[in-house]
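Those protein sequence lines, which keep their order, are chains L and A.
Add 20 to the 1-based position in the first sequence for our numbering, that's all there is to it.
Add 55 to the 1-based position in the second sequence for our numbering, that's all there is to it.
What follows is one structure encoded as C-alpha cells, with my remarks underneath.
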Amino acid sequence: MSDKEQKHTIVALVADKPGVLTRIASMFRRRGYNIASLAVGQSEQPGFSRMTFVVEGDEDTVNQVTKQLDKLIDVIRVSDITGRETVARELALIKVLATPATRGEIIQIVNLFRASIVDVGTQSMVVEITGEEDKINALYNLLEPCGVIEMLRTGVVAMVRGQANGQVTDDVGMAVIQ
Amino acid sequence: MELSGAEIVCESLLKEGVEVIFGLPGGAVLPLYGALSKYPKLRHILVRHEQAAVMAADGYARATGRVGVCSATSGPGATNLVTGIASAQMDSIPIVAITGQVPRAAIGKDSFQETDVTGITLPITKHNYLVMDVSEVAPVIKEAFYVARTGRPGPVLVDIPKDILLDERTEFIWPENVSLAGYNPPREAPAEQVAQAVKLINEAERPIILAGHGTLISHAYDEVRELAEKAQIPVVTTLLGISSFPTDHYLNLGMPGMHGMAYASLAIDKADLLIALGMRFDDRVTGRLRDFAPNAKVIHIDIDPSELNKNVKATVPLLGDLKMVLGQLVPQVEANVHMDWLHYIDALRVDHPSTVIRETDELLPQFVLRELTKATQGEAIIVTGVGQHQMWAAQYCAFLEPNTLITSGGLGSMGFEVPAALGAKVGRPDKTVWSIAGDGGFQMTMCDLATAVENNINVKFAIMNNGVLGMVHQWQDLFYEKDYFSTVYTRNPDFVKLAEAYGIAGIRVKEKGEVAEAIQQAMEIPGPVVIDFVVKADENVFPMIPAGESVHEMLEEPTPERTA
Ligand SMILES: Cc1cc2nc3c(=O)[nH]c(=O)nc-3n(C[C@H](O)[C@H](O)[C@H](O)COP(=O)(O)OP(=O)(O)OC[C@H]3O[C@@H](n4cnc5c(N)ncnc54)[C@H](O)[C@@H]3O)c2cc1C
Ligand SMILES: Cc1ncc(C[n+]2csc(CCOP(=O)(O)OP(=O)(O)O)c2C)c(N)n1
Numbered sequence: 021m022s023d024k025e026q027k028h029t030i031v032a033l034v035a036d037k038p039g040v041l042t043r044i045a046s047m048f049r050r051r052g053y054n055i056a057s058l059a060v061g062q063s064e065q066p067g068f069s070r071m072t073f074v075v076e077g078d079e080d081t082v083n084q085v086t087k088q089l090d091k092l093i094d095v096i097r098v099s100d101i102t103g104r105e106t107v108a109r110e111l112a113l114i115k116v117l118a119t120p121a122t123r124g125e126i127i128q129i130v131n132l133f134r135a136s137i138v139d140v141g142t143q144s145m146v147v148e149i150t151g152e153e154d155k156i157n158a159l160y161n162l163l164e165p166c167g168v169i170e171m172l173r174t175g176v177v178a179m180v181r182g183q184a185n186g187q188v189t190d191d192v193g194m195a196v197i198q
Numbered sequence: 056m057e058l059s060g061a062e063i064v065c066e067s068l069l070k071e072g073v074e075v076i077f078g079l080p081g082g083a084v085l086p087l088y089g090a091l092s093k094y095p096k097l098r099h100i101l102v103r104h105e106q107a108a109v110m111a112a113d114g115y116a117r118a119t120g121r122v123g124v125c126s127a128t129s130g131p132g133a134t135n136l137v138t139g140i141a142s143a144q145m146d147s148i149p150i151v152a153i154t155g156q157v158p159r160a161a162i163g164k165d166s167f168q169e170t171d172v173t174g175i176t177l178p179i180t181k182h183n184y185l186v187m188d189v190s191e192v193a194p195v196i197k198e199a200f201y202v203a204r205t206g207r208p209g210p211v212l213v214d215i216p217k218d219i220l221l222d223e224r225t226e227f228i229w230p231e232n233v234s235l236a237g238y239n240p241p242r243e244a245p246a247e248q249v250a251q252a253v254k255l256i257n258e259a260e261r262p263i264i265l266a267g268h269g270t271l272i273s274h275a276y277d278e279v280r281e282l283a284e285k286a287q288i289p290v291v292t293t294l295l296g297i298s299s300f301p302t303d304h305y306l307n308l309g310m311p312g313m314h315g316m317a318y319a320s321l322a323i324d325k326a327d328l329l330i331a332l333g334m335r336f337d338d339r340v341t342g343r344l345r346d347f348a349p350n351a352k353v354i355h356i357d358i359d360p361s362e363l364n365k366n367v368k369a370t371v372p373l374l375g376d377l378k379m380v381l382g383q384l385v386p387q388v389e390a391n392v393h394m395d396w397l398h399y400i401d402a403l404r405v406d407h408p409s410t411v412i413r414e415t416d417e418l419l420p421q422f423v424l425r426e427l428t429k430a431t432q433g434e435a436i437i438v439t440g441v442g443q444h445q446m447w448a449a450q451y452c453a454f455l456e457p458n459t460l461i462t463s464g465g466l467g468s469m470g471f472e473v474p475a476a477l478g479a480k481v482g483r484p485d486k487t488v489w490s491i492a493g494d495g496g497f498q499m500t501m502c503d504l505a506t507a508v509e510n511n512i513n514v515k516f517a518i519m520n521n522g523v524l525g526m527v528h529q530w531q532d533l534f535y536e537k538d539y540f541s542t543v544y545t546r547n548p549d550f551v552k553l554a555e556a557y558g559i560a561g562i563r564v565k566e567k568g569e570v571a572e573a574i575q576q577a578m579e580i581p582g583p584v585v586i587d588f589v590v591k592a593d594e595n596v597f598p599m600i601p602a603g604e605s606v607h608e609m610l611e612e613p614t615p616e617r618t619a
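The structure is reproduced here in C-alpha cells:
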C-alpha cells in the first residue's frame with residue numbers, strides 16, 4: 021500500500037437473492053479493486069443480508085468502490101464506516117502443532133489473548149479467537165514459531181457504535197430510535 | 056384465465072407499449088414465438104443474425120428514446136447478442152433482451168445449447184434476470200423495462216427457461232408498480248449546490264459547455280440552448296452529444312477530443328470553467344487527464360454518482376437528472392455576453408479551421424459526406440459504423456434535430472451501421488435514414504440487407520469504400536512505421552452486384568462529379584439503396600490528438616510527407 025492508500029471498512033445491505041455475491045465479486049474484479057476481506061450473513065431484515073468489506077485503496081478509489089457497489093440493483097445501500105466509531109470483529113481458527121514441549125507455552129499464549137482451545141489432538145490443537153484484526157495477527161505471530169498448520173479467518177464484520185447522545189443509529193447514521 | 060409463460064411475456068410487452076421486437080428463434084425460445092404469432096400487435100422483425108437484432112433494437116432506442124426489444128434463443132443465439140449488449144451498456148441505451156433458456160431441470164448439466172447467459176452478460180448489462188418461476192414472468196418484465204429506461208439507461212437481459220414459457224401456466228397479473236429498495240434515480244440537485252454552480256457561471260470569463268449524450272437522454276436540449284444563449288457560452292458536443300445542439304448554431308464549436316475540431320479542443324484548453332452536462336469525460340474527449348483543461352473549474356451534472364469525480368475532479372458536482380437540474384439552474388444564471396472570449400474563439404476558428412477539404416480530383420470521403428449533408432439539409436438520421444467514416448460523419452455532416460446521429464461510441468463496434476440503421480428507420484419511418492458504412496464494418500453485418508428488403512425498411516446505405524480498415528490503417532501509418540499488415544482488403548466483393556443480389560438498387564460512384572446525382576437518385580428510389588462510393592484509400596482523419604496525449608500534441612493536418 022502506498023502512502024495515500026488506506027484500509028477502508030464498507031458495510032452494505034443487499035438483497036438476499038441468488039447471484040448477488042457473483043454480481044459483487046464480478047464488479048470488484050472487473051474494476052480491479054482489491055478486497056482484503058469480505059464477510060456476509062443474514063441481517064435483521066428478512067430477505068436482506070449484510071456484508072462487510074475491507075478494501076484497500078486511496079480515497080478516490082474507495083469512493084468509486086462504494087458508488088459502483090451502490091449502482092448494483094441488488095445492493096440496497098452502502099456506507100463507508102472508516103473513521104467512525106465502530107465495533108469490528110473477526111473470528112479465526114488456528115490449528116497449531118502441539119508437542120509435549122510446546123503445549124504449555126501455547127496454553128499460556130492462548131490465555132493471554134483470552135482465546136480458547138476448542139480441540140485437542142495428539143499432535144495439534146485448534147485455537148479459536150475473536151477480536152480485531154490486529155489482535156488476531158498478534159496471536160498468530162506468537163503461535164507461528166510453534167508451527168501453524170492451518171488458519172481460517174472469517175473476515176471482519178463491523179458495526180457503527182451507539183451514539184453517546186442516546187440516539188440509536190444504523191450503518192448510514194440514520195436515527196432509528198429517538 | 057391462466058396463461059402460459061410465453062403468453063404472459065406477450066401480454067407484458069403489450070402493457071409496456073412495445074410495438075416491435077427484433078429477433079431470431081431457436082428451440083429454447085420457440086414457445087415464445089408460438090405465442091407471438093397470436094399477438095399481431097407485437098410486430099416481430101426476423102433478422103439474419105442475432106447481432107443485428109440487438110443492434111437494431113439499439114438503433115430503434117436511440118432514434119425514438121423508447122426501450123428497444125430483441126429476442127434470441129439459448130446458447131449461440133444468446134451469445135450472438137453479446138457485442139450489441141456491450142455496446143448498449145457503454146452508451147447507456149435502454150434495451151430489453153429476452154432469451155430462451157434450456158428447461159429448468161436441464162440447467163447446470165451442460166445440456167444442448169445451454170449457456171450461462173446471465174453469467175456472461177453480468178458485467179455488460181445494467182441488470183439481468185434468470186426467471187425460475189412462472190409467477191415471476193410479469194413482475195420481472197415490468198422491472199426490466201423500468202430499470203432499462205430510468206436513471207442512467209442501459210440494457211437488461213431476461214433469460215427464461217423453456218418449460219416456464221411452455222408448460223407452466225398462471226393468472227396474468229400486471230403489477231401496479233415496481234418497488235426496488237435502494238434504486239432511486241436522482242432527480243433534482245440540492246439547492247445550495249445549484250447556487251454554487253450558478254455563482255461559478257456568473258463569475259466565469261471563459262466558460263464552455265460540454266454537452267454530452269445525457270442531454271439527449273434527458274431531453275434537455277431546450278434548456279442547454281437557453282443556458283448557452285442567455286449567458287453567451289460556447290458549446291462543444293461529445294460524439295454522442297452531437298445532435299443535442301444544432302450544428303449551425305453560432306455558439307456550436309462541434310466535437311472536441313481525439314478527432315474533434317481543433318478550435319473546440321483549444322477552447323477547452325483556455326477555458327476557466329467547464330460546464331459538463333451528461334457526459335462522462337471519456338479518454339477520447341480528455342486525452343491525457345493531467346493536461347486537460349488546466350485552467351478550468353468544473354461543474355459536472357450527471358445522473359450517475361459514479362461518474363462524478365471519476366475521471367475529472369468537479370469543483371461543483373451536481374447529481375441529478377440534467378433536465379431537472381438545468382430547470383433549477385438556468386433561471387438563476389445572469390445574462391452575459393463574454394465578448395472577449397467569443398472573439399478569442401472566433402480567432403481560433405479562423406486560425407484552425409479543421410474541416411477544409413483540400414482541392415483535388417480524387418474522391419475524398421469528406422467531400423461525399425459534405426454533399427450528403429447538403430442533400431439532406433441536416434435533417435436525416437445518420438447512422439454510422441466505426442472508424443474513419445464515423446469521424447468524418449461527425450465532422451462534416453450537420454445535425455439540426457435531436458437524436459439524428461446514431462453511432463457506437465464507447466464500445467466502437469464495427470458492424471453497427473447496417474442493423475442500427477434498420478432499427479432507426481423502423482422507429483422513425485417519417486425520417487430519411489442514411490447508413491454511413493465502412494467497407495469493413497458493412498461486411499460484418501451486411502447479411503441483414505435481406506431484412507431491409509423483406510420488411511421494406513427504406514434505409515439508404517452509403518459505403519465509404521476505401522478498401523482498407525481505414526482507422527487502423529491510419530494508426531499504422533502514423534504510429535507503426537507504415538507497416539500496413541492485415542488492414543488492406545484486396546478482394547472486396549462488388550457491392551453493386553451484391554446489392555442487386557439482395558434485390559436492392561446498387562449505384563457505384565467513382566468521380567466527384569457523380570456524387571450529388573447519385574445521392575439524389577438514391578433518395579428518389581422508394582426502397583433501400585446501396586451506394587458504393589469508391590473513395591481514396593489512404594486518406595487520414597485530422598485533426599488528431601494521439602491516444603494518451605494532449606491538445607498540445609495535436610496533429611492538425613497531414614504533414615507534407617504524409618500527403619505525398
Ligand atoms: C473511433 C472513435 C473515435 C472517437 N473519437 C471521439 C472524439 O474525438 N471526441 C468525442 O467526443 N468522442 C469520441 N469518441 C466517442 C467516445 O469514445 C465516447 O463514446 C463519447 O465521448 C461519450 O460521450 P458522452 O460522455 O457524451 O456519452 P455517454 O458515454 O453515453 O455518457 C453519457 C453520460 O450522461 C449521463 N446521463 C445519462 N442520462 C442522464 C440524465 N438524464 N441526466 C444527466 N446525466 C445523464 C450518464 O450517466 C453518462 O455519464 C470516439 C469513438 C470512436 C469509436
Ligand atoms: C468489431 C470490431 N472489430 C475491430 C475493431 C477495430 N477497428 C476500429 S476502426 C477499424 C477499421 C474500420 O474499417 P471500416 O469499417 O472499413 O471503416 P473505415 O475506418 O475504413 O472508415 C477497426 C478494424 C472495431 N472497432 N470493431
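Ideal Cβ positions, reconstructed from N, Cα and C, are used throughout, including at glycine.
Problem set entry | 3 or more residues per run - each beta strand (DSSP E) lying fully within the region 168-226 of chain A | Runs of the beta strand (DSSP E) lying entirely within the region 168-226 of chain A, each at least 3 residues long, are 182-185, 210-216 and 224-226 in chain order.
Exercise. What does a CB cutoff of less than 8 Å around residue 73/A pick up in its chain, not counting 5 residues either side in sequence?
Worked result: Cβ neighbours of residue 73/A beyond the five flanking positions: 97, 122 and 124.
Problem set entry | Burial state of residue 276/A, where buried means 16 or more other Cβ atoms lie within 10 Å | Around the beta-carbon of residue 276/A, 16 or more other beta-carbon atoms lie within 10 Å, marking it buried.
Exercise. Just to confirm, does residue 354/A get its C-beta within under 7 Å of one of the non-hydrogen atoms of ligand 1?
Worked result: In this structure, residue 354/A has its CB at a distance of at least 7 Å from all heavy atoms of ligand 1.
Problem set entry | Range covered by the alpha helix (DSSP H) that runs through residue 48/L | Per DSSP, the continuous alpha helix (DSSP H) segment holding residue 48/L begins and ends at 40-51.
Exercise. Under 9 Å Cβ-Cβ, which residues of chain A neighbour residue 102/L?
Worked result: Chain-ordered listing is empty here: chain A has no CB closer than 9 Å to the CB of residue 102/L, the nearest sitting near 18 Å.
Exercise. Applying a beta-carbon distance threshold of less than 9 Å, which residues of chain A neighbour residue 84/L?
Worked result: Per Cβ cutoff of 9 Å: 361, 364 and 365.
Problem set entry | Separation of residue 494/A from residue 620/A, as counted between CA atoms | Coverage of chain A is limited to positions 56 through 619, which leaves residue 620/A absent and any answer about it impossible.
Exercise. Taking the alpha-carbon positions, what's the residue 338/A to residue 280/A distance?
Worked result: Residue 338/A and residue 280/A have their C-alpha atoms roughly 26 Å apart.
For this session: With 8 Å as the limit, tell me which residues of the region 192-224 of chain A have their beta carbon closer than that to any beta carbon of chain C; keep them in chain order.
Result: Absence of chain C from the displayed structure is noted, the protein chains being L and A.
For this session: Kindly examine ligand 2 and report whether one of its heavy atoms sits closer than 7 Å to the Cβ of residue 578/A.
Result: No, since every heavy atom of ligand 2 falls outside the 7 Å radius drawn around the Cβ of residue 578/A.
Problem set entry | CA nearest to the CA of residue 559/A, picked from 580/A, 75/A, 90/A and 334/A | With distances taken between Cα atoms, residue 559/A lies closest to 580/A.
For this session: Kindly confirm or deny that the region 451-468 of chain A and the region 64-82 of chain A touch, where touching means at least three C-beta pairs closer than 8 Å.
Result: No contact exists between the region 451-468 of chain A and the region 64-82 of chain A.
Exercise. Run through DSSP, which three-state label would residue 609/A get?
Worked result: Residue 609/A: coil per DSSP, three-state reduction.
Problem set entry | Beta-ladder partner(s) of residue 33/L, from DSSP | 70/L and 97/L, per the DSSP bridge assignment.
Exercise. Could you give the distance in angstroms between the alpha-carbon of residue 87/L and the alpha-carbon of residue 109/A?
Worked result: Each residue's Cα considered, the two are about 29 Å apart.
For this session: Keeping to the same chain, check which residues put their C-beta closer than 8 Å to that of residue 78/L; ignore five residues upstream and five downstream.
Result: In chain order, 22, 24, 25 and 26 place their CB closer than 8 Å to the CB of residue 78/L, counting only its own chain and leaving out the 5 sequence neighbours on each side.
Exercise. The beta strand (DSSP E) with residue 62/L in it runs from where to where?
Worked result: Residue 62/L: member of the beta strand (DSSP E) spanning 54-62, first to last residue.
Exercise. Between the C-alpha atoms of residue 552/A and residue 561/A, what's the straight-line distance to the nearest angstrom?
Worked result: The straight-line gap separating the alpha-carbon atoms of residue 552/A and residue 561/A is approximately 7 Å.
For this session: Indicate, with yes or no, if ligand 2 has a heavy atom lying under 7 Å from the CB of residue 251/A.
Result: Not so, every heavy atom of ligand 2 lies at least 7 Å from the Cβ.
Exercise. Under 8 Å between C-beta atoms, does residue 68/A make it to chain L?
Worked result: Chain L contact via Cβ: absent.
For this session: Kindly examine ligand 2 and report whether one of its heavy atoms sits closer than 7 Å to the Cβ of residue 350/A.
Result: When distances are taken from the beta-carbon of residue 350/A to the heavy atoms of ligand 2, even the shortest one reaches 7 Å or more.
Problem set entry | Proximal residues, the region 22-49 of chain L versus chain A, C-beta separation under 9 Å | Against chain A - using a Cβ distance shorter than 9 Å - the residues of the region 22-49 of chain L are 33, 34, 35, 38, 39, 42, 43, 46, 47 and 49.
Exercise. Cα separation between residue 213/A and residue 267/A?
Worked result: Approximately 29 Å between the Cα atoms of the pair.
For this session: Pick helix, strand or coil for residue 166/L, following the three-state DSSP scheme.
Result: Helix, per DSSP.
Problem set entry | Under 7 Å from the C-beta of residue 182/A: neighbouring residues of chain L | Simply 93.
Exercise. The alpha helix (DSSP H) with residue 497/A in it runs from where to where?
Worked result: 494-500 is the extent of the alpha helix (DSSP H) around residue 497/A.
Problem set entry | residue 150/L: first and last residue of the uninterrupted beta strand (DSSP E) it sits in | Element bounds for residue 150/L: 144-151.
For this session: Express the C-alpha separation of residue 110/L and residue 328/A in angstroms, rounding to a whole number.
Result: Between residue 328/A and residue 110/L, the C-alpha separation is close to 48 Å.
Problem set entry | When 169/A, 237/A, 65/A and 388/A are compared against residue 92/L, the one with the closest alpha-carbon | Comparing Cα positions, the closest option is 237/A.
For this session: Please name the residue, chosen from 571/A, 595/A, 611/A and 591/A, that lies closest to residue 427/A on a Cα-to-Cα basis.
Result: For the residues 571/A, 595/A, 611/A and 591/A, the minimum Cα distance to residue 427/A belongs to 571/A.
Exercise. For residue 103/A, does the three-state DSSP call read helix, strand or coil?
Worked result: Of the three classes helix, strand and coil, the one that applies to residue 103/A here is coil, per DSSP.
Exercise. From the beta carbon of residue 236/A, is the nearest beta carbon of chain L less than 8 Å away?
Worked result: Yes, because at least one Cβ of chain L sits closer than 8 Å to the Cβ of residue 236/A.
Exercise. Taking the Cβ atom as the reference point for each residue, do residue 351/A and residue 326/A lie within a distance shorter than 8 Å?
Worked result: A contact, by the Cβ cut-off of 8 Å.
Exercise. Taking Cβ-Cβ distances below 9 Å as the criterion, which residues of the region 50-79 of chain L are in contact with chain A?
Worked result: Cβ contacts with chain A: 50 and 68.
Exercise. Which whole-angstrom value describes the C-beta separation of residue 126/L and residue 145/L, a residue pair presumed to lie in contact below a C-beta threshold of 8 Å?
Worked result: About 6 Å separates the two Cβ atoms, so the contact holds.
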